Amino acid sequence: MAREAQNPLGTYLRDRRARLDPAALGFGSGRRRTPGLRREEVASRANISPTWYTWLEQGRGGAPSANVLDRIAKGLMLTEPEREHLYMLGLGRPPEARYQPVSGITPRLQSVLDAMPFSPAIIKTAMWDVVGWNRAAALLLTDYSKLPREGRNILRLMFASDHVRARNADWDSIARFVVGAFRADVTRAGAIESAAATDLVAELSRISPEFAALWQDNEVVSHNEGTKRIHHPVTGLLAMEFSTFAVEGRPELGMIIYNPATPSDAERLRLLLDHDVAPTDGSEQKAAMIAG
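So this is what it looks like as structure tokens:
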């Protein structure tokens, strides 16, 4: 019993099986000494040896394999956070990422973006598809609502749009940075060999020799923070510092928040946002006032 008391994995497994209803899972609902499933019933659902499962609860037999943990997680009907916790207890690391395509974000997450009226912010997937943005990002970066869904991919915009290329100062260094960060993100998300990633890389390599060369370099960089200089048609050159944040519980998503690098940049950005001047606005008077 002392061994079991010092075994966090066993404690967690016993707690999880105690929460399951045997009758709902097709097991007899007769007299039981303890609530929930018996050990042999969990082993049956996980398709592993009852002896091996018992040893895991008792802290015997060494570390389980990832395959065994996945079977147990399925047998115990664990949620994704619970499965990750099981891995941390059993192997001391989270499970390998499972890539899941994303088509949008929740209203609550959109509210987070909207709560930053003077900080352009976007949410992107591991494939670098923009799936969320606020009004400030639409005015300063790109009005993604006017683009088809497939056109909201940052790499496609970088390498296939002359307009976006012209607006990015130091395009060469930015392009190298983006490709290296994309490689890191798509690998971390477990999507590097997915059909979506393979097709995107093939498409970009076909239409952009520069992308093809950068991809062949196999460079990997961290997309944590940096400075982006933007040629805006109304404000002129703006220097924006950016920081990247993970979205808790959504490893396939990343939030990028931009803030002005200098007080001068902040003043011009605020005037742009206050006057709601879109990049296509033809008002010379407003443009002159904001650009200063």
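Under the numbering used here, the first residue of the sequence shown carries the number 10, and numbering increases by one thereafter. Note that the Cβ used here is the ideal one computed from N, Cα and C, for glycine as well. Since this is a predicted model, take the numbers as computed values, not measurements.
### Task
Give the DSSP-derived three-state secondary structure of Trp137 in the structure shown.
Coil, per DSSP.
### Query
Opposite Phe254 in the DSSP bridges: which residues?
Answer is Met264.
### Whole-angstrom distance between Ala205 and Pro31, CA atom to CA atom
Answer to the nearest angstrom: the Cα atoms are 41 Å apart.
### Inter-residue Cα distance where the pair is Met136 and Ser214
Between Met136 and Ser214, the C-alpha separation is close to 15 Å.
### Spatial distance of Leu209 from Ala255 (CA atoms)
Going by the C-alpha atoms only, they are around 23 Å apart.
### Message
Considering only their Cβ atoms, is the gap separating Ala147 from Ile131 smaller than 7 Å?
### Response
Their beta carbons are not under 7 Å apart, which means Ile131 does not touch Ala147 by this criterion.
#### Entry: Buried or exposed (CB count within 10 angstroms, at least 16 for buried), Ser128
Its Cβ being crowded by 16 or more others within 10 Å, Ser128 is buried.
#### Entry: Whole alpha helix (DSSP H) elements within the stretch 46-115, 4-residue minimum
As far as the stretch 46-115 is concerned, its whole alpha helix (DSSP H) runs of at least 4 residues are 48-55, 59-67, 75-84, 89-100.
### Message
Suppose contacts are defined by Cβ-Cβ distances below 7 Å. Is Thr244 in contact with Arg192 by that definition?
### Response
No; because the gap between Cβ atoms is not below 7 Å, this pair is not in contact.
### Query
Can you tell me where the alpha helix (DSSP H) with Arg42 in it begins and where it stops?
Segment: none, Arg42 is in no alpha helix (DSSP H) and carries neither H nor E.
#### Entry: Gly291 to Ser203 span [Cα, whole Å]
The pLDDT assigned to Gly291 is 39, lower than 50, so where the model puts this residue is not dependable; a value taken from the coordinates is nonetheless given after this. Going from the Cα of Gly291 to the Cα of Ser203 covers about 44 Å.
### Message
Mapping the DSSP letters down to three states, classify Ala204 as helix, strand or coil.
### Response
DSSP places Ala204 in helix when its eight states are reduced to three.
### Message
Considering only the alpha carbon of each residue, which of Val77, Ser58, Val51, Lys155 lies closest to Arg23?
### Response
Ranking the options by Cα distance to Arg23, first place goes to Val51.
### Task
Take the Cβ of Leu246 as the centre, count every other Cβ of all protein chains shown within 10 Å, and call the residue buried at 16 or more, exposed below.
With fewer than 16 other Cβ atoms from the protein chains shown falling within 10 Å of its own Cβ, Leu246 counts as exposed.
### Tyr108 and Gly37 closer than 7 Å at C-beta
No, the Cβ-Cβ distance between Tyr108 and Gly37 is not below 7 Å.
### Message
Given this structure, state the Cα-to-Cα distance separating Asp226 from His232, to the nearest angstrom.
### Response
A direct Cα-Cα distance of roughly 17 Å separates Asp226 from His232.
### Query
With a Cβ-Cβ cutoff of 7 Å, do Leu46 and Leu98 count as a contact?
No; because the gap between Cβ atoms is not below 7 Å, this pair is not in contact.
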